Amino acid sequence: MIHSMTGYGKSVIQLPTKKITIEIKSLNSKNLDLNARMPSNYREKELSLRKLIGHKLERGKIDFSIFTEVTGEETTTQVNKPVVKQYIKQLKELVDGNETELLKMAVRFPDALNTEREDIDDNEWQAILEGVNTALQHITTYRQDEGLALETDFKARIANINRILEAIIAMDPERIEGVRERLRKGVEELKEKVDENRFEQELVFYIEKFDITEEKVRLKNHLDYFVQALNSSDSNGKKLGFIGQEMGREINTIGSKSNYAPMQKLVVQMKDELEKIKEQLLNVL
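If you count the sequence shown from 1, position 40 lands on 466 in my numbering, and the numbers rise without skipping.
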């Protein structure tokens, strides 16, 4: 079963004095690209959180955020009274003004507020870990659901390529006969006598250049292998991408050898289906 790299997970933790919101967003990327935003007092735990998230999500452009909102009476920010009073005194020496207005100006100056660093206690850390795991469960479910939609789309497009390939196989004898007739007419128009045996030998040699038997067999095998890999437990975007490249090579070779307009139209349809598969594979984990 495939998973998409696109996903979203969220959890909210309510503590006695604060509310903590954890969000994880994920988009497609070749590798793991994790961007973390969190309050400074949680930075000491950042490496362990990165390891946990990276192990679970494996790959993708991931934004991980922790937001805190104080809901109790406690606060870690205090007014630095001596500094504010000194600012007001200096301001009074410069201008005449209302005490309230001077206070508004003073609290904007550097060091007017003191923020004490708040260490994370064990209970809060355990609550955050549970919240992160909950958010990871949500984003994993999201990725699974997106993966199911992608899988359905892939199977439909592979079925379309298979159907077009069957039409090409059915058309191939007609194509070869058409090539044979064009060559015969060309020789007849020259109004020259030719050795029939030698002509048939050359004709066979020439037509062999347009033979697509091997390409048809290999493409059929690649299509079957793609579906088999899609259904396997270790299915991943990179593996499917490699199979898609091999499918593209066979389709291109069929197109270059076809030398027959109706068949070339079918090849274009296969290329269109494969291109859509490749675009969606960029989202597969």
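We put the CB at the ideal spot given by N, CA and C, even for glycine.
Remember, predicted model here, so these are calculated numbers, not experimental data.
- Residues of the same chain with a CB within less than 7 Å of the CB of R583, apart from the 5 flanking positions on each side, are E699, K702 and I703 in chain order.
- The segment 530-539 makes no contact with the segment 427-443; the number of CB pairs closer than 8 Å stays below 3.
- Taken through DSSP and simplified to helix, strand or coil, S658 comes out as coil.
- With at least 16 other beta carbons inside 10 angstroms of its own, V710 counts as buried.
- Annotation: the continuous alpha helix (DSSP H) that includes F668 extends over G663 to S684.
- Spanning the alpha carbons of S455 and E472 requires a straight line of approximately 22 Å.
- Counting only the Cα atoms, A585 lies some 36 Å from I479.
- Sorting A596, I587 and V505 by C-alpha distance to the C-alpha of V653 places I587 at the top.
- Between R469 and I446, the alpha-carbon positions lie close to 15 Å from each other.
- Contact annotation: I602 and I565 have beta-carbon atoms that are not nearer than 9 Å.
- About 5 Å separates the beta carbon of A462 from that of F490, a gap short enough to meet the 8 Å contact definition.
- Judged by beta-carbon spacing, T432 lies beyond the 9 Å limit of E577, meaning their Cβ atoms are not closer than that value.
- When DSSP reads this structure, G435 sits in a beta bridge with I450.
- Contact between the segment 551-563 and the segment 673-681 is absent: fewer than three C-beta pairs spanning the two stretches fall below 8 Å.
- Excluding sequence positions up to five before and after K482, its CB lies within less than 6 Å of the CB of L562, all in the same chain and listed in chain order.
- The beta carbons of Q695 and I590 sit closer together than 9 Å.
- G435 places its beta carbon 9 Å or farther from that of T639.
- DSSP places K518 in the helix class (H, G or I) of the three-state scheme.
- Setting aside the 5 residues that flank it on each side, I450 is surrounded in the same chain by G435, F490, A561 and I565, each with a C-beta closer than 6 Å to its C-beta; the list follows chain order.
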